[in-house]
């Protein structure tokens, strides 16, 4: 099997009070001369609820139907046999999502987006947001994160213990946190 590099991954969303709503967008790029299947495994919070999924192939946007796991897998495999454009997003245990897209035509790009909602865990006055970024190796592309925060009480401290982020405060109750890279970390 030919490895299919991720071209890009983006996370966008908002956190209001203790509720996070995030879009995870993954761009697959097939630079080979063969039809390929894209697959990605991403950790997500165990208490996250996946709300929506969509796939963009060229200019065509397709919205997903949420099904139980067995029904979704059977539907995906039947569509693959018919050589149509399915995408499958399934939970692989409590905290792991597996996304599959087929076919990704030669020299083309497919974008897969899904949305999830989560109540953020709280320890004292500190809320924690962990983002499910896929590993992108040196042959892949970049990743970006942009999350807006809004609180009823003044936000004293915003920080990332793992990445250098840009913080744009809009007063003491709103802020935007951003992170961007062009390749491997």
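Numbering (this note's numbering), first residue to last: 13 to 197.
Every residue, glycine too, gets a C-beta built ideally from N, C-alpha and C.
Keep in mind it's a predicted model, so treat the numbers as computed, not measured.
Alpha-carbon to alpha-carbon, residue 33 and residue 184:
The count along the chain shown starts at 1 and reaches residue 184 at position 172. The count along the chain shown starts at 1 and reaches residue 33 at position 21. Answer to the nearest angstrom: the Cα atoms are 21 angstroms apart.
Rounded C-beta distance between residue 31 and residue 131? I'm assuming under 8 angstroms.
Residue mapping note: residue 31 aligns to position 19 of the chain shown, counting from 1. Residue mapping note: residue 131 aligns to position 119 of the chain shown, counting from 1. Distance from residue 31 to residue 131 at the Cβ level is roughly 6 angstroms; contact confirmed, criterion being Cβ atoms closer than 8 angstroms.
Quick check on residue 73 - is its C-beta less than 8 angstroms from some C-beta in chain B?
The displayed structure is made up of one protein chain only, and chain B is not part of it.
First and last residue of the uninterrupted beta strand (DSSP E) at residue 117
On the chain shown, residue 117 is found 105 positions in, with the first residue counted as 1. Where residue 117 is concerned, there is no enclosing beta strand (DSSP E), given that its DSSP letter is neither H nor E.
CA-to-CA distance, residue 140 to residue 39, given in whole angstroms:
In the chain shown, counting from the first residue as 1, residue 39 sits at position 27. In the chain shown, counting from the first residue as 1, residue 140 sits at position 128. Taking the straight line from one Cα to the other gives about 27 angstroms.
Taking residue 128 as the reference, give the member of 177, 143, 186 and 179 with the closest Cα.
As a position in the chain shown, residue 128 is number 116, starting the count at 1. Closest by alpha carbon: 143.
Compute the Euclidean distance between the alpha carbons of residue 117 and residue 42, then round it to the nearest angstrom.
Position 105 of the chain shown, counted from the first residue, corresponds to residue 117. Position 30 of the chain shown, counted from the first residue, corresponds to residue 42. Pairing residue 117 with residue 42, the inter-Cα distance amounts to about 7 angstroms.
Quick one: give me the first and last residue of the beta strand (DSSP E) that residue 33 is part of.
What you label residue 33 is simply residue 21 of the chain shown in a count that begins at 1. From DSSP, the beta strand (DSSP E) with residue 33 extends over 31-42.
Tell me whether the beta-carbon of residue 109 lies closer than 8 angstroms to the beta-carbon of residue 67.
In the chain shown, residue 109 corresponds to position 97, counting from 1. In the chain shown, residue 67 corresponds to position 55, counting from 1. Taking the C-beta atoms as reference points, residue 67 is found no nearer than 8 angstroms to residue 109.
Endpoints, beta strand (DSSP E) assigned at residue 187
In the chain shown, residue 187 corresponds to position 175, counting from 1. Unbroken beta strand (DSSP E) run through residue 187: 186-193.
In the DSSP assignment, the beta strand (DSSP E) including residue 164 goes from what residue to what residue?
In the chain shown, counting from the first residue as 1, residue 164 sits at position 152. No beta strand (DSSP E) holds residue 164; DSSP gives it neither H nor E.
Same chain only: Cβ atoms within 7 angstroms of residue 187, ignoring 5 sequence neighbours per side
The count along the chain shown starts at 1 and reaches residue 187 at position 175. The residues are 161, 167, 170, 179, 180 and 181.
Name the residue from 172, 136, 157 and 123 whose alpha carbon lies nearest to the alpha carbon of residue 52.
Here residue 52 refers to the residue found at position 40 of the chain shown. It is 123 whose Cα lies nearest to the Cα of residue 52.
Within 10 angstroms of the Cβ of residue 135, are there 16 or more other Cβ atoms? Answer buried if so, exposed if not.
To locate residue 135, count along the chain shown from 1; it is residue 123. With fewer than 16 other Cβ atoms within 10 Å, it is exposed.
Just curious, the beta strand (DSSP E) that residue 53 is in, first and last residue?
Position 41 of the chain shown, counted from the first residue, corresponds to residue 53. Where residue 53 is concerned, the enclosing beta strand (DSSP E) stretches over 48-55.
Under 8 angstroms between C-beta atoms of residue 20 and residue 125
In the chain shown, counting from the first residue as 1, residue 20 sits at position 8. In the chain shown, counting from the first residue as 1, residue 125 sits at position 113. Contact flag unset, no.
Grab me the residues of residue 28's own chain with a C-beta within less than 6 angstroms of its C-beta, minus the 5 sequence neighbours each way, in chain order.
Residue numbering aside, residue 28 sits at position 16 when the chain shown is read from its first letter. Beyond the five residues adjoining it in sequence on each side, residue 28 comes within less than 6 angstroms, by CB distance, of 162 in the same chain, given in chain order.
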